[in-house]
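Below is one structure, written out as structure tokens; the observations come after it.
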Amino acid sequence: MKKVIQYIKDSYNELAHKVSWPTRAELTSSAVIVMIASFIMAIIVFGVDSLFEWGLKYFYGIV
Numbered sequence: 020m021k022k023v024i025q026y027i028k029d030s031y032n033e034l035a036h037k038v039s040w041p042t043r044a045e046l047t048s049s050a051v052i053v054m055i056a057s058f059i060m061a062i063i064v065f066g067v068d069s070l071f072e073w074g075l076k077y078f079y080g081i082v
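Per the numbering used here: the sequence shown = residues 20 to 82.
Right, dumping it as structure tokens:
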């Protein structure tokens, strides 16, 4: 049981004192970048999906 308690204490010490947490501004800018990248990827996936849908409808219309 002592090892578990020591592990928890060491984990808390590392998280509280050794980890460099981002500032609110850094976190906000990172979140905005992720949202923009996700939106761009969604548009690309939608475009490719629409292109394949159109192509398959055209192909099956001929066959």
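The beta-carbon is built from N, C-alpha and C at its ideal position, and this holds for glycine as well.
Can you tell me where the alpha helix (DSSP H) holding Lys22 begins and where it ends?
Looking at the DSSP string, the run of the alpha helix (DSSP H) that includes Lys22 is 21 to 32.
How long is the line joining the alpha carbons of Arg81 and Met54, rounded to whole angstroms?
The displayed chain sequence assigns Ile, not Arg, to residue 81. Whole-angstrom Cα-Cα distance: 41 Å.
Quick one: what does DSSP say Thr42 is sitting in, helix, strand or coil?
Of the three classes helix, strand and coil, the one that applies to Thr42 here is coil, per DSSP.
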